[in-house]
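**Q** In full-length UniProt numbering, the protein residues as written are 1 to 253.
1. Can you list, in chain order, the residues of its chain with a C-beta nearer than 6 Å to that of residue 173? Leave out the 5 residues immediately preceding and following it.
2. Between residue 17 and the rest of its own chain, which residues show a CB-CB distance below 7 Å, the 5 nearest in sequence each way excluded?
3. Comparing C-alpha positions only, which one of 181, 95, 175 and 42 sits nearest to residue 202?
4. Report all residues from its chain with a CB closer than 7 Å to the CB of residue 229; omit the five preceding and five following residues, and keep chain order.
5. Please state the DSSP three-state secondary structure of residue 55.
6. By Cβ distance, which residues of its chain are closer than 6 Å to residue 236, with the 5 residues on each side in sequence left out?
7. For residue 112, does the count of other Cβ atoms within 10 angstroms reach 16, so buried, or fall short, so exposed?
8. One question on the structure: do residue 105 and residue 26 come within less than 8 Å of each other, judged by their Cβ atoms?
9. Since I believe residue 91 is in contact with residue 178 (beta carbons under 8 Å), could you give me their beta-carbon distance rounded to a whole number of angstroms?
10. Given a threshold of 16 other Cβ atoms within 10 Å of its Cβ, counted over all protein chains shown, does residue 40 qualify as buried or as exposed?
11. Please work out which residues of its chain come closer than 6 Å, Cβ to Cβ, to residue 93, disregarding the five sequence neighbours upstream and downstream, and give them in chain order.
12. Can you list, in chain order, the residues of its chain whose CB lies under 7 Å from that of residue 136, leaving out five sequence neighbours each side?
13. Could you compute how far the alpha carbon of residue 54 sits from the alpha carbon of residue 99?
14. Taking DSSP's pairing of strands, which residues face residue 143 in a bridge?
15. Quick one: give me the first and last residue of the beta strand (DSSP E) that residue 235 is part of.
16. Between the alpha carbons of residue 56 and residue 74, how many angstroms are there, rounded?
17. Count the other CB atoms within 10 Å of the CB of residue 69; is the residue buried (16 or more) or exposed (fewer)?
18. Can you check DSSP and say which residues form a bridge with residue 104?
19. Anyone know if the C-beta pair for residue 46 and residue 187 falls short of 8 Å?
20. Tell me whether residue 43 sits in a helix, a strand or coil according to DSSP, three-state version.
21. Going by the CB atoms, is the gap between residue 82 and residue 142 shorter than 8 Å?
22. Does DSSP put residue 149 in a helix, in a strand, or in coil?
23. Please classify residue 227 as buried or exposed, where buried requires at least 16 neighbouring CB atoms within 10 angstroms.
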């Protein structure tokens with residue numbers, strides 16, 4: 001039976017939810033559990049009902065990316081500015097070895113960093129060269145908050161909610177958006193609302209294992225994620241084809 005997580009659990013600890021679902025699929029003998037390819041559908045189901053998607057914190061509403069905790073599920077209304085960032089190779093499945101030499105398979109998705117150590121387990125780098133490690137690719141797009149939307153959005157929100165415009169974010173946000181499902185339809189200037197896991201710029205993290213992460217986690221084809229926050233997309237909503245960022249379509253992808 002597929003577990004039902006609350007919307008708050010999916011917002012506050014999306015990676016825990018994802019790992020649980022991936023392990024459920026891996027341990028399922030009848031292959032009826034939720035699979036990796038349908039994780040976006042699972043999150044859509046959680047947030048489609050009753051406008052719950054609006055509960056997800058928005059990068060467009062903060063003046064600084066650090067106002068939202070890392071690895072939180074976020075929304076980002078953005079315009080695609082560069083589709084030429086190519087692909088990124090990352091470890092999607094790997095083995096960890098405990099003190100008794102027993103191997104455990106772990107899964108990694110929707111973040112830049114992997115878990116190098118776990119409770120009662122040795123360093124995962126002992127299994128770096130395991131032939132059972134699996135790799136996947138994700139597409140990268142450079143996106144910014146929609147030019148011209150800030151003032152329009154300020155007026156719209158203040159008119160509707162009676163808020164003072166000085167209390168709302170007036171700054172533009174930029175992020176590297178990482179897509180795990182193949183997407184060939186995005187074009188420069190497309191306006192999309194992405195829902196995914198927030199990762200801080202990698203140079204801003206002072207993890208003691210940073211060098212190992214850089215070696216094991218991912219083979220970078222660019223350095224954008226080192227200096228720019230990233231959103232690891234679980235699902236997205238293409239906005240109105242007229243280009244009006246205030247009128248979303250109902251389609252989720």
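Even for Gly, the Cβ is constructed at its ideal location relative to N, Cα and C.
**A** Straight from the coordinates:
1. 59 and 145
2. For residue 17, same chain residues with a beta-carbon under 7 Å away, outside a window of 5 residues either side, are 5, 9 and 10 in chain order.
3. Nearest to residue 202 by C-alpha distance, out of 181, 95, 175 and 42, is 175.
4. In its chain, beyond the 5 residues on either side, 65, 175, 198, 199, 200 and 201 have a beta carbon closer than 7 Å to the beta carbon of residue 229.
5. Note: residue 55 maps to helix in three-state DSSP.
6. For residue 236, the CB contacts under 6 Å within the same chain, skipping 5 residues up- and downstream, are 192, 194 and 253 in chain order.
7. buried
8. yes
9. Rounded, the Cβ-Cβ distance is 14 Å, inconsistent with contact.
10. buried
11. Excluding sequence neighbours, residue 93 sits near 107 and 134.
12. Apart from the 5 residues on each side of it in sequence, residue 136 sits with its Cβ closer than 7 Å to the Cβ of 90 and 92 in its chain, given in chain order.
13. 45 Å
14. Under DSSP, residue 143 forms a beta bridge with 80 and 175.
15. Residues 230–238.
16. 6 Å
17. When all chains shown are included, residue 69 counts as exposed.
18. Residue 104 pairs with 96.
19. Between residue 46 and residue 187, the CB-CB gap reaches or exceeds 8 Å.
20. helix
21. With contacts defined by Cβ atoms closer than 8 Å, residue 142 and residue 82 form a contacting pair.
22. Residue 149: helix per DSSP, three-state reduction.
23. Within a 10 Å sphere around the beta-carbon of residue 227 sit fewer than 16 other beta-carbons, which makes this residue exposed.
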